[in-house]
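Below is one structure, written out as structure tokens, with a few remarks after it.
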Amino acid sequence: MPARYITPLLAVFLLLILAADAQAARIGELTENDPWQQARRFFTFADPGLRLGLIGALLFGATCGLLGSFIVVRKMALIGDAISHAVLPGVALGFLWSMDKDPLAILVGATVAGLTGSLVVELIQRTTKIKQDAALGIVLASFFAVGLCMIRMIQNNDGASRITGLKSYLFGDVAVLGSQDVLTITGVVTVTVLLVILLYRQLLTIGFDREFAHSIGLPVRLLDGLFQLFLAFSIVVALQAVGVVLVSALLITPAAAAYLLVNRMHHMLWVAAAIGMFSAVLGVFFSFLGSDLPTGPFMVLGASSVFLVAYLFAPRHGRVTRWLRHRSRRRDVSNENTLKSIYRILERDAVGHDPGKVVKIDRLAGERRVARADLNKDLRRLRRIGAVKFSGQGGDVTLTGSGLKQAQRVVRNHRLWELYLTNEADYASNHVHDDAEKIEHFLSEEKVAEIERQLDYPDVDPHGQPIPGRGGA
Amino acid sequence: MNLHRIFVEPWQSHAVHYWPVFAMALFVTAACALIGNYLVLRRISLVGDAISHSVLPGIAIAFIMTGSRSGTPMFIGALVAGVAATVFIEVLHSRSRLKQDAAIGITFSTLFAIGVILISIHGAHTDLDLDCVLFGKMDFLSGREPVFLGLPGVAVTMAALALCVGVLIILFYKELLVSSFDPSLAASMGINPRLVHYLLMAVLSVVVVGAFTSVGAILVIAMLILPAATSCMLSDRLWVMMLLSLLHALISSLGGVHLAVALQVPTAPASVVAGAGLFAIVWVVSPRQGLISLWLRSRRGNRELAA
Chain A
1 MPARYITPLL
11 AVFLLLILAA
21 DAQAARIGEL
31 TENDPWQQAR
41 RFFTFADPGL
51 RLGLIGALLF
61 GATCGLLGSF
71 IVVRKMALIG
81 DAISHAVLPG
91 VALGFLWSMD
101 KDPLAILVGA
111 TVAGLTGSLV
121 VELIQRTTKI
131 KQDAALGIVL
141 ASFFAVGLCM
151 IRMIQNNDGA
161 SRITGLKSYL
171 FGDVAVLGSQ
181 DVLTITGVVT
191 VTVLLVILLY
201 RQLLTIGFDR
211 EFAHSIGLPV
221 RLLDGLFQLF
231 LAFSIVVALQ
241 AVGVVLVSAL
251 LITPAAAAYL
261 LVNRMHHMLW
271 VAAAIGMFSA
281 VLGVFFSFLG
291 SDLPTGPFMV
301 LGASSVFLVA
311 YLFAPRHGRV
321 TRWLRHRSRR
331 RDVSNENTLK
341 SIYRILERDA
351 VGHDPGKVVK
361 IDRLAGERRV
371 ARADLNKDLR
381 RLRRIGAVKF
391 SGQGGDVTLT
401 GSGLKQAQRV
411 VRNHRLWELY
421 LTNEADYASN
431 HVHDDAEKIE
441 HFLSEEKVAE
451 IERQLDYPDV
461 DPHGQPIPGR
471 GGA
Chain B
1001 MNLHRIFVEP
1011 WQSHAVHYWP
1021 VFAMALFVTA
1031 ACALIGNYLV
1041 LRRISLVGDA
1051 ISHSVLPGIA
1061 IAFIMTGSRS
1071 GTPMFIGALV
1081 AGVAATVFIE
1091 VLHSRSRLKQ
1101 DAAIGITFST
1111 LFAIGVILIS
1121 IHGAHTDLDL
1131 DCVLFGKMDF
1141 LSGREPVFLG
1151 LPGVAVTMAA
1161 LALCVGVLII
1171 LFYKELLVSS
1181 FDPSLAASMG
1191 INPRLVHYLL
1201 MAVLSVVVVG
1211 AFTSVGAILV
1221 IAMLILPAAT
1231 SCMLSDRLWV
1241 MMLLSLLHAL
1251 ISSLGGVHLA
1261 VALQVPTAPA
1271 SVVAGAGLFA
1281 IVWVVSPRQG
1291 LISLWLRSRR
1301 GNRELAA
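Printed below as a string of structure tokens:
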């Protein structure tokens, strides 16, 4: 059980936070700007402020990945976006409460505002004919605008002294994370992870089939509310480091990448959490390199790069992997068709059992009905696998022993299938060729043996042509 | 509280000063409102949000390359980025097992992040900064050289843009209407719904780009959706909705300028707050869909049930 590892991990984190709190310069106050120097400082973890930032980033990266997974499979990605924009007035109110950056007041204010936002979305949907997309847009922008106005009013009243603290809420600045903030993050993350572990089955069930969840007596509304509460919490704790505007990306993108990579929900949770942590750390690193760079956008770019890699190279669903797979299958088919053509020429010349016979390239191109250039590509590939040999200058070829065997296998599959269709499926014998042309490449040994047994080991196909024997006889 | 100071004074002392700001707010909200009706009808409101975020890198790159905030290069950059965003969303959505919402979220956040990074690296010593992205630069209009009716050039351009959108909608009213409500009927009438969709997206990109310098990247969605959402609670007819949303645009920009003066905040978020307030009022009092009439109806229903 993963729960076993959580207590020691948390203890380590707490120790790190306490150690990091030894009053030292925060990242933002550093003066040196040389990227290499900064990179070295990053990797030696010499900077206590940086250590705090990293711990915070790792923690909320993981929760965002976990909760984001549920969001992505439930198709509510943009609800995360709406909540994250809606928290802004809450942040401002929390700030007004104490006129300082008190993490607890801001956490409470922001969470209340975020939940109010998602409630209003639901209320609009339920009482009017406005659909979800518009309701999300209305809440997102209206709450955000109210928040912007409030922040500007605070700035007007307060002078420039503490604005920096508030400004980081918009685009994120990991450097402003204090040990108080990181303690708050740790608390929220612990509870969220526990929630996901304890209620995994329930959340999964309502995520995939609400009706079913209802029917087996799950408290769907309560679980939904709980989930939204923790969603709001984890958005809020990531807020300072990532910023209101981009925090939703940290929910969506790692989870979407994981969704492309794996097929099972519990794998997806772990992968998404790992990607979330990785992107968060990447963001801290890059914003650390320059001076005064916002952290949030770099975290988002980190997550997006991971997503891009997953989109292109995911083992099953990746674009490039799929393209490669298709290409190799196309090539196999083309190779086999060329072998088949050679075989048929040899067969027509009644020298079928003499693989040494030279086949003229022009004749082969005519039989195969392709351009010489394409045929040459096939032949070169076939020579590489030892199926044909070139003889003479013009590209004329002879079949090797193994080539003959492969050719026979394809021809045999083709003719057996034709016979099977005419005899067992009542196809007319002049309608079976095209179908056989496709399936000949994909019939397995067992299937062929079975068909052969059903047809009682036939010798000729419906067109009267001989079916080559299994061993190449 | 001194009511006179809040409600009357701003218009006495600053009326001339705020005329260009108000005019700009009106043109932006009017253009957005007109096209927003179709976004709400077609349930693609959040594509508007995605485009408005995505134009940022285009604007930033054009700005860095030319070093000026002049119109044309920024406009081209933004348009390219906006169209690229729609294409990315389409590709991610149709060529992988991701759903549309996730595709939208990933696309716009990535492009927006690139834009923010470019601006924070290069924008420190120029006037394209992150404040502009958030609040818009509407309030700086009154300092610009007026060219027509006391309005600076950008405001005149925006007015022309709003007018163009209006004329296009009048010309293609039937096509837009049919393809929004029933794409297959549209196809049977010889209208290509996909073509209409992409043209709509192109016009949307142009409007969003035009609005960008005034209202920033994030608030545009409010200007697009609030008027249409408000008016669709008052009427079922599209052309009535259009007129009502123009009215919403007028009231919200008036209220926005007023709020901005009274509270000393930027005009763009203030107009959104005003528009949201208008939406809330209509939501409560709308004769057919309002919360009050809903409550009255359910009470009457309960009584009849009891009787």
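Taken in order, these protein sequences are the chains called A and B. With my numbering applied, the first sequence corresponds to residues 1 to 473, in that order. With my numbering applied, the second sequence corresponds to residues 1001 to 1307, in that order. Where a beta carbon is used, it is the ideal one built from N, C-alpha and C, also for glycine.
- With respect to A:LEU239, A:VAL247 sits close: the two C-beta atoms are nearer than 8 angstroms.
- Look at A:PRO462 here: in three-state DSSP terms it is coil, with no helix or strand label.
- Around A:TYR343, the same chain offers ALA407 and VAL411 as residues with beta carbons nearer than 6 angstroms, after the five sequence neighbours per side are excluded.
- Residue environment for B:MET1189: exposed (fewer than 16 other C-beta atoms within 10 angstroms of its C-beta).
- The distance from the Cβ of A:GLY90 to that of A:ALA113 is about 3 angstroms, consistent with a contact at the 8 angstroms cut-off.
- Taking 7 angstroms as the Cβ-Cβ cut-off, the stretch 108-135 of chain A approaches chain B at THR127, THR128, LYS129, ILE130, LYS131, ASP133 and ALA134, given in chain order.
- Scanning A:HIS214, A:LEU379, A:ALA280 and A:HIS85 for the CA closest to the CA of A:VAL174 turns up A:ALA280.
- Chain order gives no chain B residues near A:ASP456, where near means a beta carbon separation below 9 angstroms; the closest approach is about 46 angstroms.
- Pairing A:PRO466 with A:ASP459 gives a Cβ-Cβ distance under 8 angstroms.
- Collapsing the DSSP output to three states places A:PRO468 in coil.
- Under the 8 angstroms criterion on CB atoms, A:MET153 is classed as interfacial with respect to chain B.
- By alpha-carbon distance to B:GLY1105, the top candidate from A:GLY403, A:LYS357 and A:ALA303 is A:ALA303.
- Contact check for B:ALA1268 and B:PHE1135: beta-carbon distance about 6 angstroms, within the 8 angstroms limit, so the pair qualifies.
- Within the model, the alpha-carbon separation for A:ILE83 versus B:GLY1153 is close to 38 angstroms.
- When DSSP states are grouped into helix, strand and coil, A:LYS405 belongs to the helix group.
- A direct Cα-to-Cα measurement between A:LEU140 and A:GLU445 gives close to 60 angstroms.
- DSSP, read as helix, strand or coil, puts A:LYS389 in strand.
- In the structure shown, A:VAL87 adopts coil according to DSSP, grouped into three states.
- Buried is the label assigned to B:HIS1053, since at least 16 other Cβ atoms lie within 10 Å of its Cβ.
- For A:LEU250, the enclosing alpha helix (DSSP H) covers residues 247-261.
- Taken through DSSP and simplified to helix, strand or coil, A:LEU399 comes out as strand.
- Burial state of A:THR295 is buried, judged by a 10 Å Cβ sphere holding 16 or more other Cβ atoms.
- Within 9 angstroms of the CB of B:ALA1222, the CB atoms of chain A belong to GLY137, ILE138, LEU140, ALA141, SER142, PHE144 and ALA145, in sequence order along the chain.
- Taking a Cβ-Cβ cut-off of 8 angstroms, the neighbours of A:LEU78 in chain B comprise LEU1046, ASP1101, ILE1104 and GLY1105, given in sequence order.
- Contacts with chain B at 8 angstroms (Cβ-Cβ) include A:CYS149.
- Annotation for A:LYS447: the continuous alpha helix (DSSP H) segment containing it runs 445-454.
- Around the CB of A:PRO315, fewer than 16 other CB atoms lie within 10 Å, so the residue is classed as exposed.
- Every alpha helix (DSSP H) stretch that sits fully inside the stretch 1094-1138 of chain B and reaches 4 residues is listed by chain position as 1100-1122 and 1130-1135.
- When Cβ pairs closer than 8 angstroms are counted between the two stretches, the stretch 225-242 of chain A is seen to touch the stretch 58-70 of chain A, the count reaching three or more.
- When Cβ pairs closer than 8 angstroms are counted between the two stretches, the stretch 257-271 of chain A is seen not to touch the stretch 214-228 of chain A, the count staying below three.
- Across the set B:PHE1022, B:VAL1040 and B:HIS1017, the C-alpha of B:VAL1040 shows the shortest separation from the C-alpha of B:PRO1227.
- In the DSSP assignment, A:LEU226 is bridged to no other residue.
- With fewer than 16 neighbouring CB atoms inside 10 Å of its own CB, B:ARG1095 falls in the exposed class.
- If you draw a 10 Å sphere on the C-beta of A:HIS267, you find fewer than 16 other C-beta atoms in it, and that means exposed.
- The Cβ atoms of A:LYS389 and A:VAL397 lie closer than 8 angstroms to each other.
- Excluding sequence positions up to five before and after A:PHE288, its CB lies within less than 7 angstroms of the CB of ILE27, GLN38, PHE42 and LEU50, all in the same chain and listed in chain order.
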